[in-house]
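For the sequence shown, the positions run 105 to 450 when the working numbering is used. Positions of the beta carbon are idealized from the N, C-alpha and C atoms, including for glycine.
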Amino acid sequence: MRRIAIANLKDGMRIAKEIASPTGILLIAAGTEISQFTINRLKSVEVDYVYIHEETDATDTINYNKLKIRYGNLVQKLKYSFRTLRFGRKYIADELDTNIDQLIAELVKSNNLIACLKVIDKKDEGLFFHSANVAVISVLIAKWLNLSDEEIKRIAYGALFHDIGMTKVGDYLVEKAYHSNYRLDSDEEWQIKKHCVYGYQLLSEVYGLSKDVAIIALQHHEAIDGSGYPMKIKSSNIHPFARIVAIADLYDNLISGRGTKAHNYFEALEHILDARFQKVDPALSLLFVKNMVSFYIGNRVSLSNGKVGEVIYIHNNHPTRPVVRTKDSFIDLSESRNIQILDVVV
Ligand SMILES: [Fe+2]
Numbered sequence: 105m106r107r108i109a110i111a112n113l114k115d116g117m118r119i120a121k122e123i124a125s126p127t128g129i130l131l132i133a134a135g136t137e138i139s140q141f142t143i144n145r146l147k148s149v150e151v152d153y154v155y156i157h158e159e160t161d162a163t164d165t166i167n168y169n170k171l172k173i174r175y176g177n178l179v180q181k182l183k184y185s186f187r188t189l190r191f192g193r194k195y196i197a198d199e200l201d202t203n204i205d206q207l208i209a210e211l212v213k214s215n216n217l218i219a220c221l222k223v224i225d226k227k228d229e230g231l232f233f234h235s236a237n238v239a240v241i242s243v244l245i246a247k248w249l250n251l252s253d254e255e256i257k258r259i260a261y262g263a264l265f266h267d268i269g270m271t272k273v274g275d276y277l278v279e280k281a282y283h284s285n286y287r288l289d290s291d292e293e294w295q296i297k298k299h300c301v302y303g304y305q306l307l308s309e310v311y312g313l314s315k316d317v318a319i320i321a322l323q324h325h326e327a328i329d330g331s332g333y334p335m336k337i338k339s340s341n342i343h344p345f346a347r348i349v350a351i352a353d354l355y356d357n358l359i360s361g362r363g364t365k366a367h368n369y370f371e372a373l374e375h376i377l378d379a380r381f382q383k384v385d386p387a388l389s390l391l392f393v394k395n396m397v398s399f400y401i402g403n404r405v406s407l408s409n410g411k412v413g414e415v416i417y418i419h420n421n422h423p424t425r426p427v428v429r430t431k432d433s434f435i436d437l438s439e440s441r442n443i444q445i446l447d448v449v450v
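Written out as structure tokens, the structure is:
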């Protein structure tokens, strides 16, 4: 039996524990198969989570292992593609295309966000791993937006190649930029910033690749308040796919500590919410954070006051400050702002 947020329910899952109203009226019986009708009913009575029959631990492990293999294969093919595109090849090899399809398929069908995040949870600062991580996160966002398979694939390509322009900047500088403890001087920063235009130029010439992919490379550092680069364009002028990749890029940088200190999961999400009126798209960042957090309903977290508790309710307006039930009390983190979530207890 597993506890799951309503937002993560899928057709075909089976309710493991009956759901009753506060006055004890049976709303949905144990054994009921989840359908859109059941999901709507649960939403209408404001139920936040239910217990479902397990995708067993074994299934979760298989799911994780498959994802890990797909991810590893993709990184390998990506290294090769970066090299050849950099030196003027104008097409994407079929093997890379197959690997992207396989990874997307695995991510789209996976209902186990923890497995998806575990795959990318490595502190490797290299360009290829970063690119693959940004692709994983971007595909998840695209999935939560219910985009079509074809759109998801364009976003995945854009995410994988968003930093390909770095290959034109020079290895020495790129090494420095990807080294979390190194601060670039202003001239180096200026050189690095050129990677958006270089990437756009490279990708625009690749045969059969959607124009959107090149635009993602060009615009992934633009900010919605116009303070980004290279063109300093604002909000709706930034391509929606570039806005998705910008959030994924920011998340991976925060988690891996690239250009900043390394943040834990909840800190990173809070940072993204804080950035939503200056840097990143407000609606997209809210959708991203809500989906990331909703998965943790029913999971245990450690708090900065030394207590451990279970996340039982997520506020709409403060998704990173949920209500946590500890052994002896309920702590509403949206009110107790001095208490932080330190980590998820597995
Ligand atoms: Fe970049």
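The way I'd put it, the stretch 294-302 does touch the stretch 322-341; three or more beta-carbon pairs between them come closer than 8 Å. Between LEU182 and ALA236 the beta-carbon gap is near 6 Å, inside 8 Å, which marks them as a contact.
In the structure shown, SER440 falls within a coil segment according to DSSP collapsed to helix, strand and coil. In this structure, LYS194 sits away from TYR333, with a CB-CB distance that is not shorter than 7 Å. For secondary structure counted as the alpha helix (DSSP H) over 4 or more consecutive residues, the stretch 399-435 holds no complete run.
Membership of ALA109 in the beta strand (DSSP E) is indicated by the continuous run 106-109. Just measuring C-alpha positions, the residue of ASN216, ILE224, ASN215 and TYR155 sitting nearest LEU178 is ILE224. DSSP, read as helix, strand or coil, puts LEU251 in coil. For ILE328, no alpha helix (DSSP H) run applies, since DSSP gives it neither H nor E. Note that the C-beta distance between MET396 and LEU377 is not below 7 Å.
In the three-state reduction of the DSSP assignment, TYR195 falls in the coil class, being assigned neither a helical nor a strand state.
Distance from LEU131 to ILE123 at the Cβ level is roughly 5 Å; contact confirmed, criterion being Cβ atoms closer than 8 Å. With a cutoff of 6 Å, ASP356 does not count as near ligand 1, since its C-beta is closer than that to no heavy atom of the ligand. Cβ-Cβ separation between ALA350 and VAL384: approximately 6 Å, consistent with a contact (criterion under 8 Å).
Relative to ligand 1, ASP275 has its C-beta separated by 6 Å or more from all heavy atoms. Per DSSP, ILE156 is one residue of the beta strand (DSSP E) stretching across 153-156. ILE218 is the residue among GLY192, LEU313, ILE218 and ASP201 whose C-alpha sits nearest the C-alpha of ILE401. Ligand 1 approaches ASP267 closely enough that one of its heavy atoms is under 6 Å from the residue's Cβ.
Within the DSSP bridge table, the entry for ARG118 names GLU137 as partners. Secondary structure note for LEU217: it is in no beta strand (DSSP E), and the uninterrupted alpha helix (DSSP H) holding it is 217-224. Counting only the Cα atoms, VAL415 lies some 43 Å from TYR184. In the three-state scheme derived from DSSP, where H, G and I count as helix and E and B as strand, ASP447 is classed as strand. Here ASN409 is exposed, its C-beta having fewer than 16 other C-beta atoms within 10 Å.
HIS419 is a Cβ neighbour of SER438, given a cutoff of 7 Å. Residue pairing by DSSP puts ILE123 in a beta bridge opposite ILE132. Close CB contacts of VAL151 within its chain, under the 7 Å cut and outside five residues either way in sequence, are with ILE110 and ILE123 (chain order). GLY230 and SER148 have their C-alpha atoms spaced approximately 46 Å apart.
Around the beta carbon of ASP356, 16 or more other beta carbons lie within 10 angstroms, which makes this residue buried.
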